[in-house]
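Read top to bottom, the protein sequences are chains W and G.
Add 2 to a position in the first sequence, counting from 1, and you land on the number used in my numbering.
Add 2 to a position in the second sequence, counting from 1, and you land on the number used in my numbering.
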Amino acid sequence: TQLLEQSPQFLSIQEGENLTVYCNSSSVFSSLQWYRQEPGEGPVLLVTVVTGGEVKKLKRLTFQFGDARKDSSLHITAAQPGDTGLYLCAGVDFNKFYFGSGTKLNVKP
Amino acid sequence: SAVISQKPSRDICQRGTSLTIQCQVDSQVTMMFWYRQQPGQSLTLIATANQGSEATYESGFVIDKFPISRPNLTFSTLTVSNMSPEDSSIYLCSGRQGNYGYTFGSGTRLTVV
């Protein structure tokens with residue numbers, strides 16, 4: 003079973019649309035990270051959120067950490083084909099981190 | 003952030019043989035991790051490798067099957083031993099710098115025939 007569940011699992015949208023990806027867990031994490039991975043490459047770190055309720059923005063991407071530090075969301079505004087990829091959340095607990103189940107995003111031109 | 007060079011990038015191996023995957027980091031990292039990933043799916047942690055001590059394996063993974071070396075702070079290897087088709091997967095290494103700096107290698111796509 004996955005410690006971190008992401009939803010939706012798959013998402014196919016048109017360029018210009020907005021979307022939100024959710025990452026939920028019953029466990030509390032000291033921090034949570036979001037990664038994007040393209041085929042044939044390793045995951046690339048997008049952001050780390052540490053404080054409950056924290057919101058971080060990275061251009062068109064907005065990340066939020068839940069107040070209880072158990073969940074997070076990633077919102078993309080005006081998606082572009084270059085946003086296509088596998089999005090992974092990862093909960094950090096002491097010296098380990100646990101990856102979410104992943105969300106495959108496809109943005110069609 | 004650190005840059006990790008992982009090799010080989012892909013390999014096709016006969017069942018019963020072993021393959022050693024190498025990860026070289028361009029700067030020192032405190033901890034290194036090894037993961038397995040099916041294409042398009044999430045990552046599963048195999049083990050955590052610290053310099054000078056034995057690797058710590060996650061449930062379902064054992065040292066005899068996945069021996070790991072970590073001779074210094076910039077290098078680690080993972081061996082997939084006595085391979086079977088079920089071992090076909092993508093294997094990734096990751097290094098940690100500081101509290102939140104995690105970098106990944108580009109992965110090794112292994113096919114066992």
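By construction, the Cβ of each residue, glycine as well, lies at the ideal position given by its N, Cα and C atoms.
Taking the alpha carbon of residue i as the point to measure from, which residue in the options has its own alpha carbon closest?
{"i": "ASN26(W)", "options": "ILE78(W), PHE67(W) and THR79(W)", "result": "PHE67(W)"}
{"i": "VAL114(G)", "options": "PRO73(G), SER44(G) and ASN84(G)", "result": "ASN84(G)"}
{"i": "ASN20(W)", "options": "ILE78(W), THR64(W), SER29(W) and GLN35(W)", "result": "ILE78(W)"}
{"i": "ILE23(G)", "options": "GLY103(G), VAL82(G) and PRO87(G)", "result": "VAL82(G)"}
{"i": "GLN8(W)", "options": "ARG62(W), VAL52(W) and LEU76(W)", "result": "LEU76(W)"}
{"i": "CYS25(G)", "options": "ASP13(G), ALA57(G), LEU80(G) and ILE65(G)", "result": "LEU80(G)"}
Along the chain, where does the beta strand (DSSP E) that runs through residue i open and close?
{"i": "GLU7(W)", "result": "7–9"}
{"i": "LYS110(W)", "result": "105–110"}
{"i": "ASP95(W)", "result": "87–95"}
{"i": "ASP73(W)", "result": "73–78"}
Are any of the Cβ atoms in chain G nearer than 8 angstroms to that of residue i?
{"i": "SER103(W)", "result": "yes"}
{"i": "LEU90(W)", "result": "yes"}
{"i": "THR64(W)", "result": "no"}
{"i": "SER28(W)", "result": "no"}
{"i": "SER33(W)", "result": "yes"}
{"i": "ASN108(W)", "result": "no"}
{"i": "ASN20(W)", "result": "no"}
Verify the CB distance criterion: does residue i have a CB-CB separation below 8 angstroms to chain W?
{"i": "LEU94(G)", "result": "yes"}
{"i": "TYR59(G)", "result": "no"}
{"i": "PHE63(G)", "result": "no"}
{"i": "LEU47(G)", "result": "yes"}
{"i": "PHE106(G)", "result": "yes"}
{"i": "GLN24(G)", "result": "no"}
{"i": "THR50(G)", "result": "yes"}
Using a 10 Å radius around the Cβ and a threshold of 16 neighbouring Cβ atoms, would you call residue i buried or exposed?
{"i": "PHE101(W)", "result": "buried"}
{"i": "PRO10(G)", "result": "exposed"}
{"i": "GLY109(G)", "result": "buried"}
Counting only runs that start and end within the region 56–115 of chain G, where is the beta strand (DSSP E) found for 3 or more residues in a row? 70–74, 77–82, 91–99, 103–106 and 110–114
In chain order, each beta strand (DSSP E) run of at least 3 residues that lies wholly inside the region 5–53 of chain W: 7–9, 12–16, 21–26, 33–39 and 46–51
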